[in-house]
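Numbering (my numbering), first residue to last: 2 to 75. Below is one structure, written out as structure tokens; comments come after it.
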Amino acid sequence: KVEINDKGIFVDDEKVEEKDGTIEFSFENKKIDVPKTGDNSHIELLAGIAILSLLGITYVVIRKNKKNKKDKKN
């Protein structure tokens with residue numbers, strides 16, 4: 002992290018001093034924690050709900066068809 006403000010130049014929150022008009026510092030690449038982004042939905046749950054919905058609709062349609070056939074016979 003390099004920060005330049007009215008108080009000076011800071012690298013990783015440590016002030017860096019200027020020597021002969023030059024500022025020198027070294028750094029090491031470090032893994033930083035980043036927030037997780039993206040979709041957290043559960044595909045399995047959504048698929049299960051869709052299957053149960055289809056089964057429910059199928060049950061209602063079959064029951065309605067059986068009732069219609071029974072009513073036509075009488």
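Idealized CB from N, CA, C, for every residue including glycine. Remember, it's a predicted structure, so these values are computed and weren't measured experimentally.
Taking 8 angstroms as the upper bound for CB-CB distance, I10 and I24 are in contact here, some 6 angstroms apart. Under DSSP, V3 takes part in a beta bridge, and its partners are V12.
Among the bridge pairs identified by DSSP, V17 is matched with I10.
Contact between D13 and K2 holds: their C-beta atoms lie close to 6 angstroms from each other, under 8 angstroms. Judged by their CB atoms, F26 and V17 are nearer to each other than the 8 angstroms cut-off.
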